[in-house]
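Each remark here refers to the structure printed beneath this line.
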């Protein structure tokens with residue numbers, strides 16, 4: 001590669017070739033620093049009532065942390081402890097896998113107080129995400145219990 005002709009394009013879709021290139025570059029960068037490239041291991045919990053899905057949790061293990069990507073319970077099923085059960089199950093699995101802790105993001109209009117009540121510590125936020133609200137970042141390390 002001479003760098004004499006560089007083409008820059010924009011798209012609403014990322015190609016597989018782009019993902020492959022980025023992965024290759026990041027894997028090499030990590031390897032040069034003695035850090036393995038992260039491999040996401042998906043973990044999911046499905047919550048059903050009378051064979052209908054009413055909620056659940058989807059996240060992934062990466063390095064020595066568990067990241068909660070999605071957690072939700074249908075509105076008519078809230079207040080029954082299902083959300084707490086989902087988080088507790090994910091934490092139990094994270095401990096089994098020797099994770100340091102769990103991290104997640106939520107919105108100011110979702111359930112920040114729910115996570116605080118479960119021992120999560122807010123360590124960041126982005127204002128106006130969306131406008132008039134905040135995106136909030138929480139963690140719970142198992143030595144914080």
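Residue numbers (this note's numbering): 1 to 145.
Cβ atoms here follow ideal geometry from the backbone N, Cα and C, with glycine treated the same way.
Within the same chain, show all residues whose beta-carbon is closer than 8 Å to that of residue 98, passing over the 5 residues directly before and after it, in chain order.
-> Cβ neighbours of residue 98 within its own chain (closer than 8 Å, five residues either side excluded): 64.
When DSSP labels each residue in this structure, what does residue 132 get in the three-state scheme?
-> In the three-state reduction of the DSSP assignment, residue 132 falls in the coil class, being assigned neither a helical nor a strand state.
State the DSSP-derived secondary structure class of residue 49, mapped to helix, strand or coil.
-> Collapsing the DSSP output to three states places residue 49 in a strand.
So, residue 37 versus residue 62, is the Cβ gap smaller than 8 Å?
-> Against a cut-off of 8 Å, the Cβ pair of residue 62 and residue 37 comes out as no contact.
Answer with buried or exposed for residue 106, where buried requires no fewer than 16 other C-beta atoms within 10 angstroms of its C-beta.
-> Residue 106 is buried by the Cβ-count criterion.
Unbroken beta strand (DSSP E) run spanning residue 143, endpoints | First-last for residue 143: undefined, no H or E at that position.
Anticipated Cβ contact below 8 Å, residue 53 with residue 46, distance rounded = Indeed, because the Cβ distance is near 6 Å, the residues count as touching under 8 Å.
Boundaries (first-last residue) of the alpha helix (DSSP H) holding residue 66 | Where residue 66 is concerned, there is no enclosing alpha helix (DSSP H), although the beta strand (DSSP E) around it starts and stops at 65-73.
Straight-line gap, residue 26 to residue 76 (C-alpha atoms, nearest Å) = Whole-angstrom Cα-Cα distance: 44 Å.
Helix, strand or coil at residue 44 [DSSP, three-state] | Residue 44: strand per DSSP, three-state reduction.
Taking just the CA atoms, how far does residue 67 sit from residue 80?
-> Between residue 80 and residue 67, the C-alpha separation is close to 24 Å.
On a CA-only basis, which of 31, 139, 56, 40 is nearest residue 83? Give me that one, please.
-> Residue 83 has its Cα closest to that of 56, out of 31, 139, 56, 40.
Tell me whether residue 13 sits in a helix, a strand or coil according to DSSP, three-state version.
-> Residue 13 falls in the coil class under three-state DSSP.
Taking residue 102 and residue 90 to be in contact with their CB atoms under 8 Å, please state how far apart those CB atoms are, rounded to whole angstroms.
-> Contact flag correct, Cβ pair sits at about 7 Å.
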